[in-house]
Structures are given as structure tokens and as C-alpha cells.
Amino acid sequence: MINRRNFIKTVPVVGAGVVLSNQVMGQTDSEKNKLPENHREYWVQLLDKISAPVLEAGSQNKLKATMPVETPTGAKEKPSTYLEAVGRLLAGIAPWLESDSGDTAEAGLRKKYREMALKTIHNITDEASPDYLFNHKEPQILVDAAFLAHAFSRAPQQLWQALSDDSKKNVVKCFVATRDIKPFYSNWLLFSGMIEAFFLKNDLPFDIMRLDFSVKKHQEWYLGDGMYGDGPDFHWDYYNSYVIQPMLMDIVTVMHEKKKFDDRSTEEIAKRFTRYAAIQERLISPEGTFPAIGRSLVYRMGAFQHLAQASLQKRLPEIVKPAQVRCALTAVIQRLMSAPGTFDENGWLQIGLCGHQNSMGEYYISTGSLYLCSTAFLPLGLSTDEEFWKEDDAPWTNVQVWSGENLKNDHALY
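Quick note: the sequence shown uses the numbering used here, first residue 763, plus one each step.
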């Protein structure tokens, strides 16, 4: 077995004090690539860096006025980009906003972000606001209304219940308006389902067909071994993590709680969810990289939203320990977010996977799209007393395998 001392001595990426290999990073000074001793502190600092431009502008009604719009096509206008930034960012940091854990400094920062988040939500849903974001019918509005709905489900007290009555009414009105958008026959069905799950969870009028259809189609599109098709076809990309599994699991959980979905099917979807978490953990290399396959890679560590949610909801497989996931995610986050060009001069994210790589963005990508990376921070919703944060650093599977440890082989779910 690899103990902590050997782990630090023998692998190119380790937990606390992680050092990425110079060859991989193209660096001559490996000390530049060390991660902080305190993983949680590092995550919170990065959450702050990513979130500040969006929520400071949003809370001051200056999001449209100050947020840059970068696109791969060169277009300077994209109405949906602002809602993308807010919805996706809040979907990622919501569990942290809902939590009360952490030291005094973290608590103070969280209080500030709770206040900014509530002001931003008010502003983007208020028709009289210069930052009102639901005044167009671009199809993308459905997508990011769903991410905002997901944020409410992840922080029901601090993001939803804490809103004023007027703000709640505005949110509901905006969400209802998205029913005019016809979703594509793909993972988009879950965006409609996620909004209706929000209504169901909060005892508001809901459309059972939008819920039931989105779930049943994904049950039909299940391909085996924890993987769903994105529609009828298989796509080798990270959409099982960007959208499909996290939203499907949470939609089904709400339906089950409200007695709209049966026990057996819920358990089956949960088993598939856990299996895909095992696959995701094995996709992370000893260097903190992962296969650059498929579309939307510019969502960066958002590719591991699923693994992050499995950690938050304690749905990891038994053989995958929370501490090894913490170390693996920290390595990925550091590998991506420390790359030169990730942020512009004002702190906004720029298009790319590892740095500024505009050509990697698809036609639908813009600045706001990039904030899906925040979903890797979901485990910040766990208390500091939880195993994920308190246990010693541990090597993840590929560190163990490529260090020569005699592990049992991986096997399919069935």
C-alpha cells in the first residue's frame, strides 16, 4: 500500500503540498505548482476569485454594463451570456452558501456572497432593472434558468427562502415563461424537468408531464455501465457530468420525496449515479489532467460536477474514499486554473480548457458559459468535520495504479 510518506515522495501530484511534474507543466520551478496545505482554504480562495466579478457586478445592477462578451465567432452580443454566468455560478457555489461550516474568515466571506447573490437574483428577475435577463426568447434562456433552479434546490434556505416575496414572485414568473421554449430532444429535456422539480419541491404549480417525460426519456437512453446517451445517441464527452446525471438524480430525488416516482427506479438511477462517480474518479491522471474529449471542454473542471456532487451527497462507491477525491479534484482544479490566460485583466474567465484557447469554444460558447466550472466546488457544502475535508491526503486511483500498487481491477456495473 502507498502510505502518506511514500505518496508524497513517489508521485508527481500529491494532496497537500501537491507538486505537478515540471515536464507536464513546462515549468522549471516545481515549487510554483505546489497546492496549499489547506485544500479547503485554497478552494474558497478560488471560489472567491471566480465569483467576485459576476456577483459584484450583478448585485450592483452593472452586469450587462461591465461583463465582457468573448465568443469564438467574434460576435459581441449574446443575450443569454449574462444569465449563463449567474445561473451556472450559483449552481456551483450554492451548497457553500447553504453551509455554516468553516473558520471565521470563510464565514465572513460567505455572508458577503449570500447578500450579493440575493441582490443579483432580484436584479436579474426584476423587469424594471437594467440587468433584467428574461426579456428575450433565445433558447439558451431555458438552459440557464434550469441552472438557477438547480442552485435553488442546492441552497433552499439561503437562496430561495431568503428572497423577498416580490423577488420570489419575479423568479416564478421568469421560470414559467421558459415553458414557451421547446427543448431539443437531448439532455435539454432535463432543463425543463429541473425547473418543474423546483416548482414541485416548493409546492408551486408544476407540470407533471415535463417532469415525467424528461426522466422517462433518459431511462430509455441509458446505455449501460452508468452512462446515458445525450438523446438517442452516444457522445464521448462530459455531458453525463455537465448536465445529465446531476440533474437527473436531483429531479428524481424531488419526485420520489413528493411520491411522484417509485422506489425501485429511484434506487436504479442512484446505482448508475454511483457507478459513474467511480468512472469519473478513474479519469483523473496522476498529473491532475483528464482526456480532452468531446464538446464544451471550456467548462474546465465542470467536467467533474458529477464526482463533486457524488461527494456532496455521499454517493461515492465504497472503494473510493472521500479524501482521495478531494486530492484528485484539487489537482485538477489547480492544473486548470493556474494556467496563464485563464482570467482576463479584470478577473473574468476567458475561453479555454488550459489557459486562453478561444478556438476550443463551440459556436454556443461565450464568457457566461465558462462559469459552469464552479460546479466542481460542490463539496464545499460539506462540513469541515466530514471525512472529505478532515482525513489525511490520499492517492486517487490512477496515482495508486501508476505507482505499481496491486489494486483489484475495475468492473462494469452489471
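Every residue, glycine too, gets a C-beta built ideally from N, C-alpha and C.
Beta-carbon proximity check, residue i vs residue j, cutoff 9 Å
{"i": "Q1067", "j": "T1129", "result": "no"}
{"i": "A917", "j": "L852", "result": "yes"}
{"i": "K824", "j": "D893", "result": "yes"}
{"i": "I855", "j": "L809", "result": "yes"}
{"i": "V1060", "j": "V1014", "result": "no"}
{"i": "T1146", "j": "S863", "result": "yes"}
{"i": "L1140", "j": "Q1096", "result": "no"}
{"i": "V1016", "j": "S1131", "result": "no"}
{"i": "A847", "j": "V816", "result": "yes"}
{"i": "S842", "j": "I903", "result": "yes"}
{"i": "N932", "j": "E982", "result": "no"}
{"i": "P857", "j": "I1113", "result": "no"}
{"i": "Q920", "j": "R876", "result": "yes"}
{"i": "L1098", "j": "L1115", "result": "yes"}
{"i": "S821", "j": "T882", "result": "yes"}
{"i": "L1134", "j": "F909", "result": "yes"}
{"i": "D974", "j": "K1022", "result": "yes"}
{"i": "E958", "j": "D942", "result": "no"}
{"i": "E832", "j": "N1120", "result": "yes"}
Proximity to residue i [Cα-Cα], best of the options
{"i": "A814", "options": "N1108, E839, N800 and D1172", "result": "N1108"}
{"i": "E1030", "options": "F896, V1060 and H980", "result": "H980"}
{"i": "H801", "options": "Q1086, I1127, F1105 and M1122", "result": "Q1086"}
{"i": "D992", "options": "I943, G1056 and E1043", "result": "G1056"}
{"i": "N885", "options": "T843, A908 and K826", "result": "K826"}
{"i": "K1076", "options": "I1046, L1144, S1058 and L1134", "result": "L1144"}
{"i": "E1153", "options": "Q1162, R1088 and M1122", "result": "R1088"}
{"i": "S1047", "options": "A1093, F960, D1172 and Q919", "result": "A1093"}
{"i": "T1051", "options": "Q822, L1091 and I1081", "result": "L1091"}
{"i": "Y811", "options": "T833, L871 and Y844", "result": "Note that residue 811 is Lys in the sequence shown here, rather than Tyr. Selected option, being the one with the closest Cα: L871."}
{"i": "K930", "options": "A911, P945, R941 and P834", "result": "A911"}
{"i": "D1155", "options": "D999, P1084, M1009 and M878", "result": "P1084"}
{"i": "R1037", "options": "D1172, D928 and L951", "result": "D1172"}
{"i": "P945", "options": "R1044, L985, F996 and E900", "result": "E900"}
{"i": "L925", "options": "E1124, S891, W1151 and M878", "result": "M878"}
{"i": "E1148", "options": "S861, Y990 and E1167", "result": "S861"}
{"i": "Y804", "options": "E868, E1124, H898 and M956", "result": "E868"}
{"i": "W950", "options": "L1045, V934 and L1010", "result": "L1010"}
{"i": "Y844", "options": "K874, P1157, E799 and H898", "result": "H898"}
Span of the alpha helix (DSSP H), counted from its first residue to its last, around residue i
{"i": "G870", "result": "T866 to T887"}
{"i": "V806", "result": "H801 to S821"}
{"i": "E1029", "result": "D1025 to R1044"}
{"i": "P1008", "result": "Q1007 to E1019"}
{"i": "G854", "result": "T843 to E860"}
{"i": "W1151", "result": "E1149 to K1152"}
{"i": "R916", "result": "Q902 to R916"}
{"i": "F953", "result": "W950 to K963"}
{"i": "I1095", "result": "P1084 to M1099"}
{"i": "C936", "result": "D927 to A939"}
{"i": "L1074", "result": "Q1067 to L1074"}
{"i": "K1022", "result": "Counting along the chain, K1022 falls outside any alpha helix (DSSP H), and DSSP gives it neither H nor E."}
{"i": "T1104", "result": "T1104 -> no alpha helix (DSSP H), and no H or E assigned at all."}
{"i": "V1161", "result": "T1159 to V1163"}
{"i": "T828", "result": "L825 to T828"}
Run of the beta strand (DSSP E) containing residue i, from where it starts to where it stops
{"i": "L985", "result": "Y984 to G986"}
Cβ neighbour criterion (16 or more within 10 Å) applied to residue i
{"i": "N1160", "result": "buried"}
{"i": "K963", "result": "buried"}
{"i": "T866", "result": "exposed"}
{"i": "G988", "result": "buried"}
{"i": "M971", "result": "exposed"}
{"i": "A1054", "result": "exposed"}
{"i": "L1111", "result": "buried"}
{"i": "P1102", "result": "exposed"}
{"i": "V780", "result": "Note on V780: pLDDT 39, under 50, position unreliable in the model; no value is reported."}
{"i": "L859", "result": "buried"}
{"i": "P1008", "result": "buried"}
{"i": "A1039", "result": "buried"}
{"i": "Q1162", "result": "buried"}
{"i": "N795", "result": "Residue confidence for N795 is low, a pLDDT of 45 falling below 50, so the modelled location carries little weight and cannot support an answer."}
{"i": "S1073", "result": "buried"}
{"i": "E1080", "result": "exposed"}
{"i": "Y1176", "result": "exposed"}
{"i": "G986", "result": "exposed"}
{"i": "P994", "result": "exposed"}
{"i": "W998", "result": "exposed"}
{"i": "A1174", "result": "exposed"}
{"i": "E1043", "result": "buried"}
{"i": "E799", "result": "exposed"}
{"i": "R1034", "result": "buried"}
{"i": "K840", "result": "buried"}
Any chain D beta carbon closer than 9 Å to residue i
{"i": "K978", "result": "Here there is only one protein chain, and chain D is not present."}
Inset, instruction - Could you tell me whether the segment 1058–1067 touches the segment 993–1011, where touching means 3 or more Cβ pairs closer than 8 Å? - result: Touching, yes.
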